[in-house]
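Residue numbers (the working numbering), protein chains in the order written: chain A, 25 to 367; chain B, 25 to 367. The beta carbon of each residue, even a glycine, is placed where N, CA and C say it ideally should be. Please read the structure below before turning to the comments.
2 protein chains.
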Amino acid sequence: MASGPTGRPATIYDVAARAKLSIATVSRVLQGTGPVSEKARTRVDQAARELNYVPLRAARSLAVQRHEAHGLVLPDLAGPFYGDLLMGYERWAGEHGQSVIITVTHGNPDPRRTVRDLAGRVDGIVVHGNALDLPTIQGLRKADVPIVLIARPPVTGCDSVRSESAASAEQLTTRLLDHGRTNLLFVGDPASGYDVSERYAGFAKALEARGLRVPKPEQVPLTEAAGTAVATKLLTAKKRPDGLVCANDEIALAALQTLLAADVAVPEDIVVTGWDDVMAARYVSPGLTTVRQPMTELGWLAAQRLHERVTGERTRARNDVLATQLVLRDSCGTGPGDAAVTE
Amino acid sequence: MASGPTGRPATIYDVAARAKLSIATVSRVLQGTGPVSEKARTRVDQAARELNYVPLRAARSLAVQRHEAHGLVLPDLAGPFYGDLLMGYERWAGEHGQSVIITVTHGNPDPRRTVRDLAGRVDGIVVHGNALDLPTIQGLRKADVPIVLIARPPVTGCDSVRSESAASAEQLTTRLLDHGRTNLLFVGDPASGYDVSERYAGFAKALEARGLRVPKPEQVPLTEAAGTAVATKLLTAKKRPDGLVCANDEIALAALQTLLAADVAVPEDIVVTGWDDVMAARYVSPGLTTVRQPMTELGWLAAQRLHERVTGERTRARNDVLATQLVLRDSCGTGPGDAAVTE
DNA sequence: TCGAAAACTGTAAGCGCTTCCACTCCAACC
DNA sequence: GGTTGGAGTGGAAGCGCTTACAGTTTTCGA
């Protein structure tokens, strides 16, 4: 039997009737709240099983004023790291009985409306990068929606978690300078995200520390196509840079490939670095020097922070910054051999 | 002002009071149902904005007996293709006003309970691969939960979508045989998933068609570590295979790398093929011959199929099979040069 | 000018759960 | 033997929304 007497899905009333108990007792058995006799417990369990009873969460949510669900708003889902982020998030959520509802804003005609709708079915929202603009986030705050930001500058009243970017970019750049590079180019648009802007800031800081002029970044999207295009352009440039500090691995890999195909020696003529440590970074040769972010931990932590906010166990905003890891491979010309930090 | 008069979030009553209208009219304005005067519309819109009103979805779900949400149950989130699958799914769902709730079963102590809970908050469920065992799926069917299966053999009463596997595996294997390979090994455990078992079946069929003995598969997990291990073992084997047909790119890439590091020539001494066409497959050299699955379309289609079921616009089960694409690169020794199908 | 239909609005009855409160037992204690 | 109190249970009031139905006003044709 798949349903209640009316043919529609079984409700708590059907279970109560079958167990010859009140719905109050059924609820107590099913939720494990309040005292119930052993007899009641078995009768309810059996009735529920026989009726294939599935409690309607909407009714419970309405009654307890809690959804036990988190909203996760991402700009996109392309690339490997969103998977890791999600994995970390889902792990925490799953272990703590929270559902995760994901929403992608890229390509969405009306993100504000979508997110408002989302807010109505979750206890709090996590926003990654520029999935949402600031006014929208502030609008949610006004409606008292708990919010956690990932890879975004802190906003009053919101928690945030991100991975450290500027210092590692500076460290990476300094390392290239130490090994004799004099004409570095940053590839990737700092405006495409807070984390990217921080990477450029670190890059710039390293140059400034040496009293070097800071070149304008190559403001291209963070895609393989852009990497190919930039590298191609450089092949015919008058004064070619001797190093590319790329905003992510996609750019770096495509550029690297393009340079090699044109018989430019990497790392001898040009060094190339990326960011993210995607799988392909380990498989190209020369191996791509890059920076690994703890995406899984980031997701895990964001879930935890949001839950603290939802339950009210913490009210002061927190801004966490997780450490990244410089991964030295051959593409930067300083090899893992003399590495300060290796993988 | 962020909330109703009581300090708690604003409800439809608060909006109605502020707009000096009944909640019925407010509902009609907000949902765009029924006739409403222009004056009412503006008054409601303004009141809602001033109160930062966020409709509680749980209440609506309860009233309309519909969640407007899909559940997506995945075994895992590691690897790049879940991202693509999700992207496709989310795209369809987003365009049709459906929320997506994801659940990962791998590592979950009590998947049945988790999924039962999920069933209470969605209109239907999509299950990928062996995220759930058959009894659990049948249990959901008994409770009249619409179900769509991805990468699974069809189940009575459920829709399914998957990508073609056996024929492309056969085609790939045949190609290797055509080019003189005589001792192929299938690497990856067919028991790890229906799609993998199909790949092995296609591999076997190609061999049988030539009257060749079908070797037992190397029953290892679909990971880089396994690829490395298998390759390492082969290095010292008495009779080394002259080709590895790997169940996925992870295995293939790791094996390829290991062989090259040991000075085994690929493709001359051993050919290697993978499955999935991950990004790294394009960046290794020799490029990895592999099979590309339309993951995004798979997700997109699954969402559509589920929705058809939920709305009842279709009641007969459908089993869709999407075409895959053989991607020939240098690792299989037959190069893109003489390719029947290229990328 | 009247009447019927159309346009608009409000009342109230749910949707399926949780939980406060009241009530009934019955064992344990003075 | 009466009192207390805890365990177990049921009645009933919501939670915030949608919508059938009824009521009121407006419009428009005859």
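query, result
"On the DSSP bridge assignment, give the partners of Thr127 of chain A in chain order.", "A:Val97"
"Quick one: Cα of Ile161 of chain A to Cα of Gly148 of chain A, how far?", "12 angstroms"
"Flag this pair as yes or no: are the beta carbons of Glu92 of chain B and Gly121 of chain B separated by less than 9 angstroms?", "yes"
"Straight-line CA distance for Ser192 of chain A to Arg329 of chain A?", "25 angstroms"
"Could you tell me which of B:Ser309, B:Arg199 and B:Pro241 sits nearest to Leu280 of chain B, measuring between CA atoms?", "B:Ser309"
"Does Leu236 of chain B come out as helix, strand or coil in the three-state DSSP assignment?", "coil"
"Going by alpha carbons, who is nearest to Lys380 of chain B out of B:Tyr77, B:Arg140 and B:Leu283?", "Any answer about residue 380 of chain B is impossible in this case: the structure gives chain B only from 25 up to 367."
"Would a C-beta distance cut-off of 9 angstroms place Gly107 of chain B and Gly131 of chain A closer than the cut-off?", "no"
"Around the Cβ of Gln89 of chain B, are there at least 16 other Cβ atoms within 10 angstroms (buried) or fewer (exposed)?", "exposed"
"How far does the beta strand (DSSP E) with Gln349 of chain B in it reach, from first residue to last?", "Gln349 to Val351"
"Measure the C-alpha to C-alpha separation of Trp116 of chain A and Gly95 of chain A and round it to an integer number of angstroms.", "14 angstroms"
"Taking the alpha-carbon of Arg333 of chain B as reference, which of B:Ser184, B:Pro239 and B:Ala233 has the nearest alpha-carbon?", "B:Ser184"
"Under the three-state reduction of DSSP, which class applies to Ile47 of chain A: helix, strand or coil?", "helix"
"For Asp147 of chain B and chain A, any beta-carbon pair shorter than 9 angstroms?", "no"
"Please compile the residues from chain A whose C-beta is within a distance smaller than 7 angstroms of the C-beta of Tyr106 of chain B.", "Gly107"
"I'd like to know if Gln281 of chain A contacts chain B, where contact means its C-beta is closer than 9 angstroms to some C-beta of that chain.", "yes"
"What residues from chain B crowd round Pro79 of chain A, counting only those whose CB sits closer than 7 angstroms?", "Gly144"
"Might you give, ordered along the chain, the residues of its own chain that have their beta carbon closer than 6 angstroms to the beta carbon of Met319 of chain B, omitting 5 neighbours on each side?", "Phe105, Asp108 and Leu109"
"Does the beta carbon of Pro310 of chain A fall short of 8 angstroms from some heavy atom of the ligand SAM?", "Judged by which ligands are present, the structure shown has none, so any question about the ligand SAM falls away."
"Quick check on this structure: which residue in B:Leu142, B:Ser187 and B:Gly336 has the alpha carbon closest to the alpha carbon of Gly118 of chain A?", "B:Leu142"
"Does the Cβ of Asn272 of chain A have 16 or more other Cβ atoms within 10 Å, making it buried, or fewer, making it exposed?", "buried"
"According to a CB-to-CB cut-off of less than 9 angstroms, which residues of the stretch 169 to 193 of chain B neighbour chain A?", "Val169"
"Hey, Val186 of chain B and Leu86 of chain B: beta-carbon distance below 9 angstroms or not?", "Note that residue 186 of chain B is Arg in the sequence shown here, rather than Val. No, they are not a contact pair."
"Would you mind giving the Cβ-Cβ distance between Pro170 of chain B and Leu209 of chain B, rounded to the nearest angstrom? I have them listed as a contact below 8 angstroms.", "Not confirmed; about 42 angstroms, so no contact."
"So Glu248 of chain B and Ile126 of chain A are in contact, right, with Cβ under 8 angstroms, and what is the actual spacing, rounded?", "The Cβ separation is near 27 angstroms, so there is no contact."
"Can you name, in chain order, every residue of its own chain whose Cβ lies under 6 angstroms from the Cβ of Phe227 of chain B, other than the five neighbours on each side?", "Ala193, Thr197, Phe210 and Val269"
"Using 10 angstroms around the beta-carbon of Ser61 of chain A, count the other beta-carbons present and answer buried if the total reaches 16, otherwise exposed.", "exposed"
"Whole-angstrom Cβ separation of Ala276 of chain A and Leu246 of chain A, contact assumed at under 8 angstroms?", "With 8 angstroms as the limit, Ala276 of chain A and Leu246 of chain A do not qualify as a contact, their Cβ atoms being about 10 angstroms apart."
"Beta-carbon of Pro33 of chain A versus every beta-carbon of chain B: anything under 9 angstroms?", "yes"
"Mind checking if Ala347 of chain B is an interface residue toward chain A, Cβ cutoff 9 angstroms exclusive?", "no"
"Measuring CA to CA, which of A:Gly163, A:Val220, A:Arg32 and A:Glu188 is closest to Thr180 of chain A?", "A:Gly163"
"Count the other CB atoms, across all protein chains shown, that sit within 10 Å of the CB of Val39 of chain B; report buried if there are 16 or more and exposed otherwise.", "buried"
"Where does Val172 of chain A sit, in a helix, a strand or coil, going by DSSP?", "strand"
"In chain order, what residues of the same chain lie with their CB nearer than 7 angstroms to the CB of Tyr37 of chain B, ignoring the 5 residues before and after it?", "Ile47"
"Does any residue of chain B have a CB that is nearer than 9 angstroms to the CB of His91 of chain A?", "yes"
"So Asp141 of chain A is in the alpha helix (DSSP H); what residue range does that whole segment cover?", "Pro135 to Ala143"
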